[in-house]
Structure formats: C-alpha cells, structure tokens
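In what follows, a structure is listed as structure tokens, so that the remarks can point back to it.
In the numbering used here, the protein residues as written are 1261 to 1521.
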C-alpha cells in the first residue's frame, strides 16, 4: 500500500509539472494537493500499518523532502496562482523519482532509533532543506524573469511577478533556517554519542556544517543587509547545488557514518 501511494504521488507531481508551466487557475494546485496527500498517507501507512520508523533511509528522506517542498509552497505561495507551480512540481517529481531509484538500506543502531532525538534531528533538517529548495525554485524563476526583462523580451506570460518571487524566497528562508539550525544542533549532540571519531570523522557532518554557514550567510545578507533580487537569487541557486551534494553526493560518493541516510 505504501508503494502504491508513493506511485500515485509521483504521477500527480508529474501531471502538475506538465500542466503547470505558465498556467493560471486551481487545477495545478489540486494536483499538487493530491500528490502531497498521497505521499503523506504513504509515510503514515509505513509508520503505523507496517510498523516502520520513517525517515531512516535516503529513499524515505528524499521522498519526505519532496513533500515538505510542496507543503511549504502550498502554504506560502497561496497568494498567487501562476507558473511557479510547474517549477515546484518538477522539482518534487525529480525528488520522488530519485527516491524510487535510491537504495532502501536503513540506518542502523538500535540506541539511535529510540526516543525522539533522531526523528527531531532528521525532520528539522528536512524542513530546513525544504525551505531552501522552495527558495531555489523562486530564485531560479526570478532569474529567468529578470533575464527576459533585461533582454527586453517582457515577462514570461502567466508567471509570478518579481516582487512575489522575492517575497516567497524571503519567507522560505525565514522558515527553513531556524529548523535547519535546530536539526544541526541536535545532530551534533547525536554525533558525539554515536560517531566514534566525533563530529569531524564523518564527511556529511562536515558538509552539513558548511551548508549551515552558507545558509546563515544568505539569511544574514537578506534580513540583515537587505539583499534582494538578482544577487541573492544567484547565491541561493548556487547554495542549492551544495545542498544536493551534501545530501546525495556525499552519501553516494564518499560514504561515512551517514552512508545509509
């Protein structure tokens, strides 16, 4: 049943991605809602019906990231119905498709799975990454709109305004950064207890720390110095590349304590 729900979610996200480019109206959002609910029920079914503890493998983590991305967009982007749905749906579909191709090996260690600390660490980090992913979607669309304006080609028809895209990126960062910070703090405590060599003996722990520094720099520039527009969008797009390397690249290429997650 869980696999069927994930498959339905994947198809709905694909449909939204194909339909949502430059379209206005509620149909694309209904597809996103359907994909979000199907994926969420899949997670809940795996937890309660099959007795699994969710979020303990790369596959489940990437699937959760897609749901958080869509959920944040449906929450924060409800003020305008435009082509951004297609961008978000395409990224969510890519996450879901990637999750289906990843190994299902789950992280071990019974002591680590007990209690609430590891779920708190993982979910907080994924909410933070979901906020960054949504900021990436709005920033990428902002750069495309800005490029067309500078080339005197006008706005992309049916897409949100630059003001809306900049505001959505601001809200996404504002929500995501505190959660990611919480996840990093809890993860540091867990690492001291579970990694023999400590914090600096695991490539992903180091990568997550570097990502936090970049995240903090972007948030400071936006909230503290008032950066906005093209400069911030470029930095966010590059930062998303680092996020994907930290989450997937380190696991697949370097291994380490987080090799299964």
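Note that the Cβ used here is the ideal one computed from N, Cα and C, for glycine as well.
By DSSP, does residue i sit in helix, in strand, or in coil?
| i | result |
| --- | --- |
| residue 1369 | Because the pLDDT of residue 1369 is 49, which lies under 50, any placement of that residue in the model is unreliable, and the number read from its coordinates should be weighed accordingly. Coil, per DSSP. |
| residue 1492 | helix |
| residue 1503 | helix |
| residue 1377 | helix |
| residue 1410 | helix |
| residue 1337 | coil |
| residue 1486 | coil |
| residue 1420 | coil |
Assuming residue i contacts residue j (C-beta within less than 8 Å), just tell me the rounded distance between them.
| i | j | result |
| --- | --- | --- |
| residue 1502 | residue 1471 | 6 Å |
| residue 1380 | residue 1446 | 5 Å |
| residue 1322 | residue 1397 | Actually they do not touch by this definition, with Cβ atoms about 16 Å apart. |
| residue 1468 | residue 1506 | 6 Å |
| residue 1478 | residue 1494 | Not really, about 11 Å apart at Cβ, beyond 8 Å. |
| residue 1270 | residue 1332 | Incorrect: roughly 19 Å between the Cβ atoms, too far for contact. |
| residue 1392 | residue 1475 | 7 Å |
| residue 1344 | residue 1420 | 5 Å |
| residue 1436 | residue 1486 | Actually they do not touch by this definition, with Cβ atoms about 19 Å apart. |
| residue 1277 | residue 1349 | 4 Å |
| residue 1298 | residue 1265 | 5 Å |
For the alpha helix (DSSP H) containing residue i, name the first residue and the last one.
| i | result |
| --- | --- |
| residue 1463 | 1463-1479 |
| residue 1355 | 1344-1361 |
| residue 1294 | 1287-1304 |
Heavy atom of the ligand ATP less than 6 Å from the Cβ of residue i, yes or no?
| i | result |
| --- | --- |
| residue 1452 | This structure simply doesn't include the ligand ATP, nor any ligand for that matter. |
Against chain C, does residue i count as a neighbour if the rule is that its beta carbon must be under 7 Å from one of theirs?
| i | result |
| --- | --- |
| residue 1437 | Protein chains in the displayed structure number just one, and chain C is not present. |
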